[in-house]
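What follows is a set of notes on a single structure, which appears directly below.
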Amino acid sequence: MKRLFVFGFGLFALLSVQAEQHPVYLDPQEPVEERIEDALRRMTTAEKIAMIHAQSKFSSPGVPRLGIPEVWMTDGPHGIRPEVLWDQWEQAGWSNDSCVNFPALTCLAATWDPAMAKRYGRAIGEEARYRKKTVLLGPGVNIYQSPLNGRNFEYMGEDPFLASEMVVPYVQGVQENGVATCVKHYALNNHELNRHTTDVEVSDRALYEIYLPAFRAAVEKGHTWAIMGSYNLYRGQHGCHNKRLLVDILKGEWGFDGVVVSDWGGTHDTEEAIHNGLDMEFGTWTNGLSSGSSNAYDNYYLAAPYARLIAEGKVGTAELDDKVRRILRLIYRTELNPSRPYGSLCSEEHFDAARRIAEAGMVLLKNEGGLLPLPVDELHRVLVVGENAIKMMSVGGGSSSLKTKYEISPLEGLQRLLQGVEVVYARGYVGDTDGSYNGVQSGQHLEDSRTPDELIAEAVAEAKKADYVIFVGGLNKSKHQDCEDSDRTALDLPYGQNRVIEALAAANPRLVVVNVSGNAVAMPWLGRVKSVVQAWYAGSEGGTALAAVLTGDTNPSGRLPFTFPVRLEDVGAIATGQYPGTKRNDGIYEETYADDLFVGYRWFDRKKIVPLFPFGHGLSYTTFRYGKANLDRNRFSDDGELTLSVSVTNTGDRAGDEVVQLYIRDVESTLIRPEKELKGFSKMHLEPGETKTATFTIDRSMLAFFDDAQHAWVAEPGRFEAIVAASATDIRTRVSFYYDK
Ligand code: BGC
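Residue numbers (the numbering used here): 690 to 1430.
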């Protein structure tokens, strides 16, 4: 518009007419920020208010009069949620909304491979695009604080550095498709029990060093276009309209220019929502939780109540314009991006990506005497035991539940791969026989009326006749297991599985235990079982991937993204008694994170507790030898850096991948610091006998801690150690260096 004013009146009139014919806001040649301002000028207050809240379960209106499109959201984060009715959670009944179920994010994190995260993001982004979605509600990066959190399977583990490295490529891959990610749940939503009523207090150090880095990376490096506020409170204010988290940190310190979306029903106050950084309110019914009036969406906090405050002159429109600007920016980045691709659904490439990620994420936890891989050529009869060998896991677990085109179970995967071998199945135990979620039916009928003793007797009798026994158990997606809106109540395996495993171990020493879960579980029988595999919720091709890992077609290379404790009491958040907080008279639970910085391996290091399996742990069918860590020099200052190199040799007789982990230890520090912290990793493929060198750049940012007094990241001069390790407890080589101011 600027140029219109420099010409004479006649020309001005002519250009004005032309401008109306080709309005700036519709012209892809014009800069986006100018298009946003032009669109904003044309909108009425009512149209602006309409844009900032839902019109249905998963959509908000655009501006039909101006041709500005609607925004459509979808869960996330492991596949594209099937379509629900306009205003009900039940299925819309589409027959073309089946998707690929990608492995759960714990499995992705366990690949320790950012290239896999990129591939995951691209593939799921293509599915979202094909299904005409504007925003994918994911990925989740809440830190794994305790194994009780029912939603850990949707997140990327206990370490802020690992989660940061994995979330960025996921975001980039999705957004390449012109679909926004909505990284969730910002922030401090670390358990599901009382998720709407927990008020978290945490030190600034733990907030900045542990709980925020993955969100920050998603914003500053991944450039996510949306973020979802969390249900819980932080210092007395809900996450969806928390001034400190949203205004000061997200939009202030990190310069986030995207949209803050409320979690569904996470908004509780109009004035706070206006002023404290929420841009779009979603939910169900009026308050998102219980029933509403006839047109409930009009009564959302950011709907009629907001319009009334403006009409009464109690609030201005500056905040409204800021929210609408952000939503328009999102729409220009997505729906109105003329060059975005078309996407695709259930392609061969997507199933292949799901399989590769599943294979790369599975973790060989234990393998005594080389029991695995299965000696395929020598096998006659293999017994598979356990409900999770047959149970579909894509259905259930809450909002991440899917309707997948197919899901290969572990039993099917083994049957397909072990051609010519008799693969027998015994149930072993009965867990959760329900296979439905919001009207999606798995179609499985898992009821079994036999008693536990009868089931065990059958499995044991079969085990005695088998060359190998593969028990596939763990958790599932039902309430109090790995499931949204509830937490687990114990670390133990449910449904009497320990008894089944003990009985099988006594019957046949060639027993492999496969744990399907998104969480750590107790393994009191570990001393009697030679091989254990952590198989996660591995998605549509999970059974194929598991069979490949068990037979050695794929050499396992996953590493744990969180610590497995021996006992629940070994976990910081449990030992401190902080979980689940103390109930106040008003029903709010106050929870102070007394474990502070010491989450996951940081706690085990500090308390010198031996874990069942450490963070970063994972075996291979080959072995790796590390050389000595070398530094190009042993001091640096300011913005300088060091290069660390370490050679790794595959000393076995099959190709494999090693994950070289770099931890940094601050030897002398004014403030208390964890014993060591992950600051780098590199997954490398090595042929038998091959040697490669892993190199890491060490700079100031890797030495810094968050000084709450100065509100700044500080690297203190002094001695540090670079620790090169194969897990948090398997240190291979270490070297000292100095940082000078
Ligand atoms: C969950 C979100 C989800 C949303 C929409 C909420 O209950 O916490 O993660 O994206 O529902 O289904």
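Just so it is clear, CB atoms sit at the ideal spot from N, CA and C, and this is done for glycine as well.
What you are looking at is a predicted structure, and each value in this text was computed from that prediction instead of being measured.
Sub-7 Å separation of residue i and residue j beta-carbons
i	j	result
K1012	D968	yes
V949	L935	yes
G1228	P858	no
A907	D1285	no
Y1278	S1033	no
F1040	V789	yes
P1377	D1346	no
E1230	R1044	yes
N1056	D1121	no
A1236	G1102	yes
V856	P828	yes
G1305	R1248	yes
V752	E736	yes
T956	E942	no
A1078	P1062	no
Y990	A962	yes
Extent of the continuous beta strand (DSSP E) to which residue i belongs
i	result
E1111	1111-1115
G654	Only positions 690 to 1430 of the chain appear in the structure, and residue 654 is not among them; the question remains open.
R1322	No beta strand (DSSP E) contains R1322, which DSSP labels as neither H nor E.
I899	Segment: none, I899 is in no beta strand (DSSP E) and carries neither H nor E.
H1374	1366-1375
L1072	1070-1074
Q1104	First-last for Q1104: 1099-1106, but that is the alpha helix (DSSP H), not the beta strand (DSSP E).
D1011	It is not in any beta strand (DSSP E) - D1011 instead sits in the alpha helix (DSSP H) that spans 1007-1022.
E1151	Taken as a continuous stretch (DSSP letters only), E1151 belongs to no beta strand (DSSP E), being part of the alpha helix (DSSP H) at 1141-1154.
T1311	Element bounds for T1311: n/a, residue is neither H nor E.
E1280	1278-1281
I654	Outside the displayed span of the chain (690 to 1430) sits residue 654, for which this structure offers no information.
Y833	Where Y833 is concerned, there is no enclosing beta strand (DSSP E), given that its DSSP letter is neither H nor E.
L825	824-826
A1401	1401-1403
E890	887-890
T1422	1420-1429
Paired residues, beta bridge with residue i - DSSP
i	result
N1056	S1220
C871	A915
D1388	E1330
K1381	V1337
G1163	V1205
H927	L922
V1348	K1372
C1172	Answer by DSSP bridge pairing: none, since C1172 is not bridged.
S749	V760
S1089	DSSP output for S1089 lists no bridge partner at all.
E1001	BP columns for E1001 are empty, so no partner.
L774	The partner list for L774 (beta bridge, DSSP) is empty, contrary to what the question assumes.
Residue i, enclosing alpha helix (DSSP H) - first and last residue
i	result
Q861	849-864
A735	734-740
R1044	1037-1050
F1293	1290-1296
E1461	Nothing about residue 1461 can be reported from this structure: the residues present for the chain run from 690 to 1430 only.
L794	794-799
Q1186	1186-1196
M762	Unbroken run through M762 is the beta strand (DSSP E), 760-764; no alpha helix (DSSP H).
D727	721-731
Y819	803-819
V1238	1231-1240
Residue i CB to nearest heavy atom of ligand 2 below 6 Å
i	result
W953	Inclusion of ligand 2 in the displayed structure is not the case, the ligand content consisting of ligand 1 alone.
Do three or more CB pairs link the stretch 1157-1168 to the stretch 1063-1075 at distances below 8 Å? With the cut-off at 8 Å, the stretch 1157-1168 and the stretch 1063-1075 touch.
Assess, as a yes-or-no matter, whether the stretch 1340-1356 is touched by the stretch 1366-1375 under the definition of 3 or more beta carbon pairs within less than 8 Å. Yes: at least three Cβ pairs fall under 8 Å.
Does the contact criterion of 3 or more C-beta pairs under 8 Å hold for the stretch 1172-1179 versus the stretch 1147-1156? Taking 8 Å as the limit for Cβ pairs, the verdict is that the stretch 1147-1156 does not touch the stretch 1172-1179.
Specify whether the stretch 1211-1218 and the stretch 871-884 touch according to this definition: at least 3 beta carbon pairs, one from each stretch, less than 8 Å apart. In this structure the stretch 1211-1218 does not lie against the stretch 871-884, because fewer than three pairs of beta carbons, one per stretch, are closer than 8 Å.
Would you check if there are 3 or more beta carbon pairs closer than 8 Å linking the stretch 1184-1199 to the stretch 1167-1174? Touching, no.
Do the stretch 1378-1392 and the stretch 1296-1312 touch if we need at least three Cβ pairs shorter than 8 Å? Fewer than three Cβ pairs drawn from the stretch 1378-1392 and the stretch 1296-1312 lie within less than 8 Å of each other, which leaves the two stretches out of contact.
Report yes or no: do three or more beta-carbon pairs, one from the stretch 1241-1256 and one from the stretch 1108-1122, lie closer than 8 Å? They do not touch, by the three-pair rule.
Check whether the stretch 1317-1325 touches the stretch 924-944, counting contact only when three or more Cβ pairs, one atom from each stretch, lie closer than 8 Å. At 8 Å Cβ cutoff, the stretches do not touch.
Between the stretch 1125-1137 and the stretch 1085-1095, do three or more beta carbon pairs fall short of 8 Å? Look at the beta carbons and you see the stretch 1125-1137 touching the stretch 1085-1095: at least three pairs across the two are nearer than 8 Å.
For the stretch 1247-1256 against the stretch 1298-1309, are there 3 or more C-beta pairs whose distance is under 8 Å? Cβ pair count under 8 Å is three or more, so yes.
Tell me whether the stretch 817-835 and the stretch 756-771 touch, counting them as touching only if at least three CB pairs, one residue from each stretch, are closer than 8 Å. Yes: at least three Cβ pairs fall under 8 Å.
Contact the stretch 1014-1029 vs the stretch 714-727: 3+ CB pairs below 8 Å: A contact between stretches requires three or more CB pairs, one per stretch, nearer than 8 Å, and the stretch 1014-1029 meets this requirement with the stretch 714-727.
Counting pairs of Cβ atoms below 8 Å between the stretch 797-816 and the stretch 1358-1365, do you hit three or more? No, the stretch 797-816 is not in contact with the stretch 1358-1365.
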